[in-house]
Structures are given as structure tokens and as C-alpha cells.
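Going by this note's numbering, the sequence shown opens with residue 1316, and the numbers climb by one from there.
Using N, Cα and C, we set each Cβ at its ideal position, and we do this for glycine too.
Computed from a predicted structure; not experimentally measured.
Each remark here refers to the structure printed beneath this line.
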Amino acid sequence: MVESFRELRVYKEAFQAARTIFRCTESWPKEERYALTDQIRRSSRSVFANVAEAWRKRRYPKHFISKLSDADAEAAETRAWLDAALDHSYIDQQTYDDLDATYDQISGSLVKMMTNTDQWCGPADQVREDQPVYDTDTNPSQTPTPPDAHTQP
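Have a look at this one:
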């Protein structure tokens, strides 16, 4: 049973990605401080912050979806800023590829959560995060188990 947003894989992934971005931006040119640097730091942090807000609003499916949608939009914005950072040679290709893949995974997880609100919304004692990690693949063996298929411990 998931008791806190901090236990969600998508939250952990987004938090770690934002930390990586912050460390990358520490060496960027000073003239980017109020432009690219602030924008990518803000959008990357907003992803995990919106996941936390969504978690607190999970009793209301429409609000839950809205906050997850905001998180997904911030992930897309972060990817756009990564494009700019690569274009200006502020990050290398490997860093770009790793972060872009991470944000693609995060977006896939958010979309799965939005399309499976029954698994996430409702009484806290019924909320479970199934294995494996959400992804954008359509492999049937990775389809989350419906909430009613769980047995009580």
C-alpha cells in the first residue's frame, strides 16, 4: 500500500531528475541565470511538486488528473529546455539522452496514472502501486493488475 507521495516511483524519478538538472546547471554561463537556468530548474522541480499535489487530491479524480496533467506538461517543458541546453552545448549528448529518456518514462507513468484513476483514487487503504514500473510500452505482461484483484494482507 502506498501511504505517501514520496513512495511513488514517478515522484522519486522526477525528484532525482530535477537534482541531476540542478547539478548540470551549476556550471552554465552566468548570462543564462535568469533565462534557461531558472526555467529548467523551475520546470523540472514542478514535475515532482505537481505529483505531490496530485497525491493529496486523489479523493477527487478530476483534480487528481488535472495535477498529473500539469506535471506532464512541466515534464514536456523540461524536455524543451533540455533541447536548448544541448543546442548551446551546455550539456553533452549522453546527459541529454539520459535525461530525455527519464522524462519520457516519467510522462508515460503520469499518463498511465491518469488513465487508471481507479487504481489511485479512493480510500487510502486501497491504493497500491503495482509492479513493474510504468512505461510507454504496451507489453501485456506489464499491464497493472486491477485494484480489485488484490487480496487483503
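Check your understanding: From residue 1337 to residue 1437, what distance separates their C-alpha atoms?
Key -> Going from the Cα of residue 1337 to the Cα of residue 1437 covers about 35 Å.
Check your understanding: Quick one: Cα of residue 1360 to Cα of residue 1390, how far?
Key -> Residue 1360 and residue 1390 have their C-alpha atoms some 9 Å from each other.
Review point. When we look at the beta-carbon of residue 1408 and count the other beta-carbons within 10 Å, is it buried (16 or more) or exposed?
Key: By the 10 Å Cβ count, residue 1408 comes out exposed.
Exercise for review: Starting from residue 1339, trace the alpha helix (DSSP H) both ways and give me its first and last residue.
Suggested key: Start and end: 1324-1340.
Point to revise | Under 8 Å between C-beta atoms of residue 1414 and residue 1332 | key: Contact: yes.
Review point. Taking Cβ positions, are residue 1393 and residue 1418 nearer each other than 8 Å?
Key: One thing to note: residue 1393 has its Cβ within 8 Å of the Cβ of residue 1418.
Review point. Using 8 Å as the Cβ pair cut-off and three pairs as the minimum, do the region 1316-1323 and the region 1364-1378 touch?
Key: Contact holds: three or more Cβ-Cβ distances are below 8 Å.
Practice item. For residue 1416, count neighbouring Cβ atoms within 10 angstroms of its own Cβ and tell me buried if that reaches 16, exposed if not. Key: Counting the other CB atoms within 10 Å of its CB gives residue 1416 a total below 16, which places it among the exposed residues.
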